[in-house]
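Numbering (this note's numbering), first residue to last: 19 to 278.
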């Protein structure tokens with residue numbers, strides 16, 4: 019398990035000048051992208067709103083683990099920002115869509131479902147100073163679902179984590195995961211449509227082909243000078259995908275066609 023809240027990642031205190039958020043639906047390369055940005059000194063874009071990491075920071079900083087309103091969130095952000103802002107004044111965070119949509123223990127009860135989503139988007143807009151947004155998607159949603167299914171079974175969410183057990187193929191599990199992925203992607207795109215802050219959009223398949231170029235585009239958006247970005251894709255983490263992912267995809271498509 020990654021301990022994003024561990025003090026070893028803390029930085030000397032500097033004023034936060036810019037913030038960026040990598041916003042995705044999970045299994046789209048957010049960790050891979052974040053490691054490259056971190057290697058260049060552009061913030062430490064970890065999953066600060068993951069339940070485990072919130073609990074860790076809560077214990078470290080003596081702040082609420084659960085958020086009931088915007089004030090609780092603001093306190094959390096104010097405490098984390100100075101710890102993880104790099105010397106150039108940049109703070110980065112990686113947020114998976116469902117982490118944000120389930121962030122608050124209580125949401126105003128008088129809000130209907132769509133209004134709750136819109137309220138959470140407004141909170142996201144106000145959460146960070148001078149924010150930039152990086153939206154990540156994946157063209158192959160089935161492969162995204164398979165990757166997520168394997169990660170859930172093994173608890174290995176990146177190649178740096180040990181696989182706890184061997185995953186087992188299940189048509190039903192993959193289908194259910196695919197349905198959730200489709201819903202999550204739709205919500206991500208809606209969130210993006212409501213954000214007017216500076217932003218850029220990438221897909222996982224582009225990261226595979228043009229990782230260094232994408233890093234350069236983000237640097238340009240943030241308007242920060244970085245001298246050299248070459249070779250970053252080989253200095254981060256290994257891809258987790260193996261032939262198993264492709265075999266599961268073929269098997270799923272065959273079974274799905276038979277059920278249609």
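Every residue, glycine too, gets a C-beta built ideally from N, C-alpha and C.
Coarse secondary structure for residue i, derived from DSSP in three states
i: residue 276; result: helix
i: residue 35; result: coil
i: residue 25; result: helix
i: residue 229; result: helix
i: residue 42; result: strand
i: residue 100; result: helix
i: residue 111; result: strand
i: residue 243; result: coil
i: residue 271; result: helix
i: residue 155; result: strand
C-alpha gap between residue i and residue j, whole angstroms
i: residue 153; j: residue 51; result: 11 Å
i: residue 119; j: residue 36; result: 24 Å
i: residue 233; j: residue 147; result: 22 Å
i: residue 111; j: residue 145; result: 11 Å
i: residue 114; j: residue 121; result: 11 Å
i: residue 78; j: residue 31; result: 17 Å
i: residue 263; j: residue 80; result: 42 Å
i: residue 107; j: residue 33; result: 6 Å
i: residue 47; j: residue 225; result: 7 Å
i: residue 211; j: residue 24; result: 34 Å
i: residue 59; j: residue 104; result: 6 Å
i: residue 204; j: residue 67; result: 21 Å
i: residue 271; j: residue 27; result: 43 Å
i: residue 166; j: residue 273; result: 19 Å
i: residue 95; j: residue 277; result: 48 Å
i: residue 193; j: residue 182; result: 23 Å
i: residue 198; j: residue 164; result: 12 Å
6 Å CB neighbourhood of residue i in its chain, flanking five on each side removed
i: residue 187; result: 266
i: residue 19; result: Because residue 19 sits at a pLDDT of 48, beneath the cut-off of 50, its placement in the model cannot be relied upon, and the point is left open.
i: residue 90; result: 82
i: residue 206; result: 43 and 115
i: residue 202; result: 43 and 115
i: residue 169; result: 175
i: residue 99; result: 34 and 109
i: residue 237; result: 244
i: residue 185; result: 168, 171 and 172
Residue of the options minimising C-alpha distance to residue i
i: residue 123; options: 270, 86, 142 and 98; result: 86
i: residue 240; options: 200, 25, 195 and 40; result: 40
i: residue 189; options: 244, 261, 160 and 183; result: 160
i: residue 62; options: 225, 102 and 206; result: 102
i: residue 49; options: 163, 175, 191 and 235; result: 175
i: residue 155; options: 261, 173, 209 and 69; result: 209
i: residue 92; options: 131, 135, 141 and 65; result: 141
i: residue 38; options: 137, 229 and 242; result: 242
Close-in-space but distant-in-sequence residues of the same chain around residue i (CB under 7 Å, 5 per side omitted)
i: residue 73; result: 83
Should the stretch 212-219 be regarded as contacting the stretch 45-65, the criterion being three or more beta carbon pairs within less than 8 Å?
no
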